[in-house]
Amino acid sequence: MAGYAWASHRVLPLDGDDLAVLADGSSGWCVLTRDAYRQLRAELPLELDDSIQLQPLTQLWESALLTRDGRCIDTAQYRQAQSPTAVLLKLTGTCNIDCDYCYDYDAERFRAQQSLGTIQTTLAPLLERGEPLSIAFHGGEPLLRFGLIRQVVQWLEPHRARVGFSLQTNGTRFTPEILDFLEQHDFSVGLSLDGLDEASNALRRTRGPRTPLQCILALMRERPQFVRQRCGFLAVASRTSAPGLPAFARWLQDFGVQGMSITFLDLAGRGADLADERLSPEQAVDLYAGLLEMIRNGQLHSLALRNLVARMNNLFTLQSRDLCYRGPCGAAGDFLVLDAQGGKRTCDCVYHPYFELKAGQDGGDAPARAAIVARHSWLRLHGQGCSRCALFGLCGGTCVAKALVRTGHDRSVDPVECALSRYLYPELLREFTAAERPLFAYYARHAQGDALAEAA
């Protein structure tokens, strides 16, 4: 015999007679009619012979909405990693352009330069585990230190089968030699650009003779397959750039680019004085509503909106593997930043003392990592809004870095990220009950490595 009972959960009314029942401690969920929910509430807890399999109970169990003999489904495979699986190497604090909104700019850090020895010392114990490791080269502008990138890649050659490389760049430093190297070593490349015209990129100021837009347009002309096969685009949404982002997405899709990410301007670094450029929660939701409408009417299909796909991943696993769109986020264990001054940090979304890892305290039990877990737990139980929000298991309390920038403390949420979660997840859950599900079809096309995506 086994005893079944409801696990802690929250309920969100959908259209008509439907309810979304969402797990409190994970991203598990299901949709039930009001009558079915009332009936199950009345019948549980109950005891059943182990040989009896009832479909409603199986569905609830697999969605982490049911306990069996006092225990929920084993989610060990989804738990936070105890050592980093992804490392971001900030090779330099220096950059050759002057973005007005640069979150990372600091006069002291601007001249900081990373060393090969520090990188080797940091990566060696992670490589000894024999597990896959993602390494991102970042800056400043990392291609100002292309020689160091070459040295790191050469040093990692014995581990190449389980190490993946990526690079985030403003696109102004490419040469044929660099492009050939990136192709040879199978780099994924992120290109930072805010739109398809100079007006949209007005906050990305240059000190050179060519703008980032001109450089990237030249790359698209001269090495189109490199861009199509290897590059994704990262755009910062501001009041200057946001109106043009839907057209930018269509333009990238028409060229054959595979993916685009959108981040929202933060009032940090150089951007601290750009309050007039920051989108309001309502403007951010309007931007996403327009993008979703483009998916529904078929205007967007082959271009993956990475942020949307990452959020949708939460609907198909009990704990998202994405570093950011989950709670607690990757700063609690999966992610490690080695900054240009040689310090270790848990996050690079903003430069803040909250994320500093003290010497000898960079493991999964480090205070800076424990703080991420504690924040998530506090928001779930006590957070104004979060403790009562049915969507908390899916959004996880949103980005702690953005909350710190906005409010100055971690026991809070960023209103823009919160508004997006409160808009997107009900939209998705309502569509799940509909006969036509274009957003889920879009997700199934772009989700990677998730078997459940096939069921979408």
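Under the UniProt record's numbering, the letters of the sequence shown match residues 1 to 456, in that order. Glycine included, C-beta positions come from ideal geometry on N, C-alpha and C. In this text, all values refer to a predicted model and were calculated from it rather than measured experimentally.
N- and C-terminal bounds of the beta strand (DSSP E) containing residue i
i, result
"residue 263", "259-264"
"residue 288", "Element bounds for residue 288: not the beta strand (DSSP E) but the alpha helix (DSSP H), 281-296."
"residue 47", "46-48"
"residue 372", "Counting along the chain, residue 372 falls outside any beta strand (DSSP E), though it belongs to the alpha helix (DSSP H) covering 367-382."
"residue 4", "2-6"
"residue 12", "9-13"
"residue 335", "335-338"
"residue 19", "18-23"
Residue span of the alpha helix (DSSP H) that contains residue i, given as start and end
i, result
"residue 42", "34-43"
"residue 73", "Neither: residue 73 is in no alpha helix (DSSP H) and is coded neither H nor E."
"residue 234", "From DSSP, residue 234 is part of no alpha helix (DSSP H) but of the beta strand (DSSP E) over 231-237."
DSSP three-state assignment for residue i, whether helix, strand or coil
i, result
"residue 176", "helix"
"residue 200", "coil"
"residue 215", "helix"
"residue 402", "helix"
"residue 320", "coil"
"residue 388", "helix"
"residue 418", "helix"
"residue 277", "helix"
"residue 194", "coil"
"residue 346", "coil"
"residue 65", "coil"
"residue 444", "helix"
"residue 410", "coil"
"residue 247", "helix"
"residue 222", "helix"
"residue 304", "strand"
"residue 438", "helix"
"residue 58", "helix"
"residue 210", "coil"
Minimum C-alpha distance to residue i - residue among the options
i, options, result
"residue 331", "318, 317, 352, 312", "352"
"residue 132", "107, 119, 86", "86"
"residue 274", "117, 154, 20, 203", "203"
"residue 294", "314, 248, 310, 41", "248"
"residue 339", "114, 30, 63", "114"
"residue 89", "56, 136, 28", "136"
"residue 201", "110, 91, 192", "192"
"residue 319", "25, 3, 6", "25"
"residue 127", "399, 159, 261, 233", "159"
"residue 6", "21, 112, 196", "21"
"residue 423", "287, 297, 380", "287"
"residue 344", "367, 223, 175", "367"
"residue 381", "62, 177, 412", "412"
Whole-Å CB distance - residue i paired with residue j, under 8 Å assumed
i, j, result
"residue 31", "residue 432", "6 Å"
"residue 166", "residue 146", "Contact flag wrong, Cβ pair sits at about 15 Å."
"residue 334", "residue 84", "6 Å"
"residue 428", "residue 439", "6 Å"
"residue 468", "residue 19", "Missing from the structure shown is residue 468; the chain here goes from 1 to 456 and no further."
"residue 234", "residue 190", "5 Å"
"residue 279", "residue 310", "Actually they do not touch by this definition, with Cβ atoms about 19 Å apart."
"residue 109", "residue 93", "4 Å"
### Task
Could I get the ranges of all uninterrupted beta strand (DSSP E) runs contained in the region 75-115, with 3 residues as the minimum, in chain order?
Listed in chain order, the complete beta strand (DSSP E) runs (minimum 3 residues) inside the region 75-115 are 86-90, 97-99.
In chain order, each beta strand (DSSP E) run of at least 3 residues that lies wholly inside the region 107-166:
Counting only runs of 3 or more, we get 133-138.
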